[in-house]
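Down below is the structure, laid out as structure tokens.
In this note's numbering, the protein residues as written are 1444 to 1908.
This is the structure in structure tokens:
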């Protein structure tokens, strides 16, 4: 309390000194203009050009008189120019004060509209705020704060959240609207427009946690550092949205269109880490060409990414352990060093995916399409590859310890240096694989129906017959 009192007293003293200083300068300037300018006009020529002035001939039509007149005219012109400059500064100051008052008035009227009972009036208030940001960028942070509060006030909360209905979060709750109100959508668009966010303070974050925002249209939105924990974004459009440093943990992104989204961290801003996707629901989400290296998508065992579209997505180092990726489209995705241990990839499309050094231990890859996939040094111990298509796949030095390859299709697959110890190759056609040796097959489980490449024979290895 004492420190606060001292700061307030010091602030009052500074304001008093500032006012006194302003008055002193004003009085000094007035004195200079009232006394100094006439004296300078009267005596100035004699001081500046006294060597050229003959006082004896001043009463006659002489050059000295002309010189004095010219100098006095020049001094008066200079004084007039200085006065015009002062007047211009004063005019600019008045203009700024007037403009600030107009902006404040417009801001107040926009706030009044946002509180209206009529939707179209509220939409007008949102558009007015956005226009204020365009005209007065210094008001962008204040406008963002107002719009953020408006969205949080108007959008319902998800079930199970502190401000939402009782019960667990669900995307099928009929008590909540499945489409955003028009005014909320307009506010979201204005709030996340990149041109507007450019002027918002870097420390001002979007707080949209646990809100119910189904089918939100956020194409190209700037959601940098946004807090979207537990937010329902079912069927939302996030095409090319910037989610740098956003927190999407426990968010529901079922069927969300996220093609080309940016989930990276910002190396120039330590406050913006990699997007947090801990435990989200990405069922049927479309993340085509999304970019993120080392994204963390860890969560509980109920995490659902079934039928998610992740074509060409960069998921280098992603933690997808125990994820449900049933029927997911991961074709051409980069999963280098990814952790897919115990993940369910049944019927998943991994065509030409890069799984170099990926951990697929105990993963379920039943009927998975791995045509042309890069599995160099991949860990596939005890993986279930029943019925998988590994045509032209590169399995160089892959670890297939006790993996189940029953019914797999392997034409053109490269098995150079792959470990097949205890692998189930019963009935598998290996006639046209590349790089397979007798030593590799020796300790695999084979049967009479197993077909080896020409020149290879089953010698001393385990057999089911």
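Each residue gets a CB set at the ideal place from its N, CA and C atoms; glycine is no exception.
Notebook entry, point to check: Rounded to a whole number of angstroms, what is the C-alpha to C-alpha distance between residue 1782 and residue 1550?
Noted result: Locating residue 1782 in the chain shown gives position 339, counting from the first residue. Locating residue 1550 in the chain shown gives position 107, counting from the first residue. Roughly 51 Å separates the two Cα atoms.
Next item on the list: Would you list the residues sitting across from residue 1894 in a DSSP beta bridge?
Entry: The count along the chain shown starts at 1 and reaches residue 1894 at position 451. DSSP lists 1872 as partners of residue 1894.
Next item on the list: Decide if residue 1888 is buried, meaning its Cβ has at least 16 other Cβ atoms within 10 Å, or exposed.
Entry: By 1-based counting over the chain shown, the position of residue 1888 is 445. Buried, by the Cβ-count rule.
Note to self: Spatial neighbours of residue 1876 within its chain, please: C-beta separation below 7 Å, excluding the five flanking residues on both sides.
What the structure shows: For this step, residue 1876 is matched to residue 433 along the chain shown. For residue 1876, where only same-chain residues beyond five positions count, the Cβ hits under 7 Å are 1853, 1856, 1858 and 1896.
Checklist line | Minimum C-alpha distance to residue 1472 - residue among 1522, 1703, 1539 and 1568 | finding: The sequence position of residue 1472 within the chain shown is 29, counting from 1. The shortest C-alpha separation from residue 1472 is found at 1522.
Notebook entry, point to check: Can residue 1672 and residue 1647 be called in contact, C-beta distance under 8 Å?
Noted result: In the chain shown, the residue the question calls residue 1672 occupies position 229. In the chain shown, the residue the question calls residue 1647 occupies position 204. Cβ atoms of residue 1672 and residue 1647: not closer than 8 Å.
Note to self: Between the region 1530-1548 and the region 1558-1573, can you find at least three pairs of beta-carbon atoms closer than 8 Å?
What the structure shows: At 8 Å Cβ cutoff, the stretches do not touch.
Notebook entry, point to check: Does the distance from the CB of residue 1831 to the CB of residue 1809 come in under 8 Å?
Noted result: Within the chain shown, numbered from 1, the residue matching residue 1831 stands at position 388. Within the chain shown, numbered from 1, the residue matching residue 1809 stands at position 366. For residue 1831 and residue 1809, yes; Cβs fall inside 8 Å.
Margin query: Once DSSP output is grouped into helix, strand and coil, what is the label at residue 1629?
Written below: Locating residue 1629 in the chain shown gives position 186, counting from the first residue. Helix, per DSSP.
Note to self: If the criterion is Cβ atoms closer than 8 Å, does the pair residue 1670 and residue 1700 meet it?
What the structure shows: Reading the chain shown from its first residue, position 227 is the one you call residue 1670. Reading the chain shown from its first residue, position 257 is the one you call residue 1700. No, the Cβ-Cβ distance between residue 1670 and residue 1700 is not below 8 Å.
Check: Shortest alpha-carbon distance to residue 1589 belongs to which of 1643, 1465 and 1750?
Finding: Here residue 1589 refers to the residue found at position 146 of the chain shown. Selected option, being the one with the closest Cα: 1643.
Item checked: residue 1807 - partner residues in DSSP beta bridges -> Working through the chain shown from its first residue, we reach residue 1807 at position 364. 1787 and 1827.
Next item on the list: Kindly identify the DSSP beta-bridge partner or partners of residue 1655.
Entry: Numbered from its first residue, the chain shown carries residue 1655 at position 212. In DSSP, residue 1655 forms a bridge with 1675.
Next item on the list: May I ask whether a heavy atom of the ligand COA can be found less than 7 Å away from the beta carbon of residue 1516?
Entry: Within the structure as shown, the ligand COA is missing, as the structure has no ligands at all.
Checklist line | Buried versus exposed call for residue 1815 [16 or more other C-beta atoms within 10 Å across all chains shown] | finding: Here residue 1815 refers to the residue found at position 372 of the chain shown. Of the other Cβ atoms in all chains shown, 16 or more fall within 10 Å of the Cβ of residue 1815; this residue is therefore buried.
Margin query: Can you give me the C-alpha to C-alpha distance between residue 1611 and residue 1601, rounded to a whole angstrom?
Written below: The count along the chain shown starts at 1 and reaches residue 1611 at position 168. The count along the chain shown starts at 1 and reaches residue 1601 at position 158. Confidence at residue 1611 is low in this model, with a pLDDT of 44, below 50, so the placement of that residue should be treated as unreliable; the coordinate-derived value is given next. So the alpha carbons of these two residues sit roughly 9 Å apart.
Item checked: Helix, strand or coil at residue 1665 [DSSP, three-state] -> Residue numbering aside, residue 1665 sits at position 222 when the chain shown is read from its first letter. Of the three classes helix, strand and coil, the one that applies to residue 1665 here is strand, per DSSP.
Next item on the list: Inspect the beta-carbon positions of residue 1763 and residue 1786 and report whether they are closer than 8 Å.
Entry: Counted from its first residue, the chain shown places residue 1763 at position 320. Counted from its first residue, the chain shown places residue 1786 at position 343. Cβ distance < 8 Å, so residue 1763 and residue 1786 count as in contact.
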